[in-house]
Amino acid sequence: MKIGITCYPTYGGSGAVATELGIALAARGHEVHFITYRQPFRLPSFLPGVYFHEVDVGRYPLFEYPPYDLALAVRMHEVVRAHGLDLLHCHYAIPHATSAWIAREMLREQRRDVKVITTLHGTDITIVGQDPSFNQITKFSIEKSDRLTAVSEFLRRETYNAFGCTACDVAVIHNFIDPDVYDRAKYPPTLKEQLGQSKPLLMHISNFRRVKRVRDVVQIFARVNAEIPSRLVMVGDGPDRPAAEDEVRQLGLDSSVYFLGKLDVVAPLLASADLFLLPTQSESFGLSALEALASGVPVIGTNAGGLPEVVRDGETGVLCGVGDIEGMSAAALSILLDRERWTAMSALGAEDARTRFSLNAIVSQYEHLYMTSLEIRP
Ligand code: GMT
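Residue numbers (our numbering): 484 to 861.
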């Protein structure tokens, strides 16, 4: 098949999933065309069967808000025609599904067809899509997609609750990891050695947006560190990074907390971690939690959204209520103080991630969905 993929190419789980899906599809012999405003961050410079088409938004003084969605629709239309794409797979509904609908309408005028598949990732449904300025166009665009998927059961339910779309048939296809990449045994614990071999290493990876509650991360760490001297490594960047740094200063933790900024490759870092902290407000899936589990890192997080579908509470991690700093700190301490329990959780997390969320199985589900949308018999 010839597949167009559009996603947010910078940091974020939806871009990571979209890019890794594209790479895996190309490895299976499909032709994959990324149509985005920048090269996706997890896409290496060259791979056979993978092409990148940059969306350039024309500037004009009149445009206080340059119309990216229109430029994207034009590029999608152009790439479908030039390369004979069978389908456009949009990751994150806004504005990608809308642009794909426009491109498909333009193609229909020219008696050509392209299937539109939309994967819902999270805030496109739970936050942004419910904003009055986007609500109706989001509902319209997802209803007009030929196939719709959500990355968790939670998000599927939310889609029906938020949009009441009777015309939608939302299939759940979970996110995935490549078990060959997220494998603790593959990487030396370099980070841990550098930061103090004997000290537990806690880690948080995110885009530091408000929903991630990064101040909570620091507060949980402070409580753990007061009992067992530890290290906290914060990976990523975003609007709330200054708030997290401020919390670290206020709590006098500067010498124990490291902000590494945005990093493309996290598997070697996770291999050094003892616990992963994700005290998030809302999470439709929690790809970073899955990457941690696959790397043998138990997760301490919240029971928000789809996270309980990823982390088995009490078995591969511990989930508490949003804002329950005491509960999450106590859970972190009890696991760190019981090496046998940590070892069991670490092993079970890695095994569970491989069993339920392995790249090969999930990519086959997408492949099957594409084929049925194109009425190709699997
Ligand atoms: O929805 C967002 O805020 C952005 C999106 C992203 O690009 O990272 O995050 C969502 O998609 C990820 C990949 O499917 C999920 O793992 C995240 O849980 C989800 N974020 C939220 O729901 C807040």
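Idealized CB from N, CA, C, for every residue including glycine.
Since we're looking at a predicted model, the values are computed, not measured.
Inset, instruction - To the nearest angstrom, report how far apart ASN786 and ARG692 are at their CA atoms. - result: Their Cα atoms are separated by approximately 18 Å.
Legend entry - Start-end ranges of the alpha helix (DSSP H) lying completely within the stretch 772-843, minimum 4 residues: With a minimum length of 4 residues, the continuous alpha helix (DSSP H) runs that stay inside the stretch 772-843 are 790-793, 808-819 and 822-839.
Inset, instruction - Whole angstroms is fine: what's the gap from ARG860's alpha carbon to MET854's? - result: Approximately 7 Å between the Cα atoms of the pair.
Inset, instruction - Kindly examine the ligand GMT and report whether one of its heavy atoms sits closer than 7 Å to the Cβ of GLU766. - result: The ligand GMT approaches GLU766 closely enough that one of its heavy atoms is under 7 Å from the residue's Cβ.
Legend entry - Under 8 Å between C-beta atoms of SER841 and ILE600: No. Outside cutoff.
Inset, instruction - Report the option in CYS651, PHE646, ALA510 and CYS490 whose CA atom is closest to the CA atom of LEU571. - result: In terms of Cα proximity to LEU571, the closest of CYS651, PHE646, ALA510 and CYS490 is CYS490.
Inset, instruction - With ARG525 as the anchor, note down where its beta strand (DSSP E) starts and where it stops. - result: Under the DSSP assignment, ARG525 falls outside any beta strand (DSSP E); it carries neither an H nor an E label.
Inset, instruction - Could you tell me how far apart the beta carbons of ALA580 and MET559 are, in whole angstroms, since I believe they sit closer than 8 Å? - result: With 8 Å as the limit, ALA580 and MET559 do not qualify as a contact, their Cβ atoms being about 11 Å apart.
Inset, instruction - Check the C-beta distance from GLY605 over to ALA576 and give it rounded, since I have them as a contact under 8 Å. - result: The C-beta distance from GLY605 to ALA576 rounds to 10 Å, too long to meet the 8 Å contact threshold.
Inset, instruction - Per DSSP, which residues does ALA654 bridge with? Please list them. - result: According to DSSP, ALA654 bridges with THR632.
Legend entry - Continuous beta strand (DSSP E) stretch holding GLU537: start and end: From DSSP, the beta strand (DSSP E) with GLU537 extends over 533-537.
Legend entry - Under the three-state DSSP convention, the category HIS604 falls into: Coil, per DSSP.
Inset, instruction - Spatial neighbours of ALA633 within its chain, please: CB distance less than 7 Å, with the 5 preceding and 5 following residues excluded, ordered by chain position. - result: Exclusion of the five residues before and after ALA633 leaves LEU603, ARG639, THR642, VAL653 and VAL655 as the residues of its chain whose Cβ lies within less than 7 Å of its Cβ.
Legend entry - Contact test: ASP835 Cβ vs the ligand GMT heavy atom, cutoff 7 Å: Because no heavy atom of the ligand GMT lies under 7 Å away, the Cβ of ASP835 does not count as near it: no.
Legend entry - ASN618: CB within 7 Å of a non-hydrogen atom of the ligand GMT: For the ligand GMT, not one heavy atom lies less than 7 Å from the Cβ of ASN618.
Inset, instruction - May I ask you to check if the CB of HIS572 is nearer than 7 Å to at least one heavy atom of the ligand GMT? - result: Checking the Cβ of HIS572 against the ligand GMT gives no.
Legend entry - Residues bridged to GLY487 (per DSSP): GLY487 pairs with HIS516 and LEU571.
Legend entry - Cβ-based neighbour list, GLY788, same chain, cut-off 6 Å, excluding 5 preceding and 5 following: Closer than 6 Å at Cβ, skipping near neighbours: PHE637, SER765, GLU766 and SER767.
Inset, instruction - Give the DSSP bridge partners of ARG714, in chain order. - result: The secondary-structure analysis by DSSP pairs ARG714 across a beta bridge with LEU684.
Legend entry - For TYR741, the residue or residues it bridges with in DSSP: According to the DSSP secondary-structure assignment, TYR741 is paired through a beta bridge with VAL716.
Inset, instruction - For LEU820, verify whether its CB is less than 7 Å away from any heavy atom of the ligand GMT. - result: No, since every heavy atom of the ligand GMT falls outside the 7 Å radius drawn around the Cβ of LEU820.
Legend entry - SER841 Cβ short of 7 Å to the ligand GMT heavy atom set: No - the ligand GMT has no heavy atom lying nearer than 7 Å to the Cβ of SER841.
Inset, instruction - Return yes when at least one heavy atom of the ligand GMT lies under 7 Å from the C-beta of THR519, else no. - result: No, Cβ of THR519 sits at least 7 Å from all heavy atoms of the ligand GMT.
Legend entry - Buried or exposed (CB count within 10 angstroms, at least 16 for buried), ARG696: With 16 or more Cβ atoms within 10 Å of its Cβ, ARG696 is classed as buried.
Inset, instruction - Return the residue from the list GLU561, GLN848, SER829 and SER812 that minimises the CA-CA distance to ARG706. - result: ARG706 has its Cα closest to that of SER812, out of GLU561, GLN848, SER829 and SER812.
Inset, instruction - With DSSP as the reference, label PHE691 as helix, strand or coil. - result: PHE691 falls in the coil class under three-state DSSP.
Legend entry - Exposed unless 16 or more other CB atoms sit within 10 angstroms - verdict on LYS675: Flag for LYS675 reads buried.
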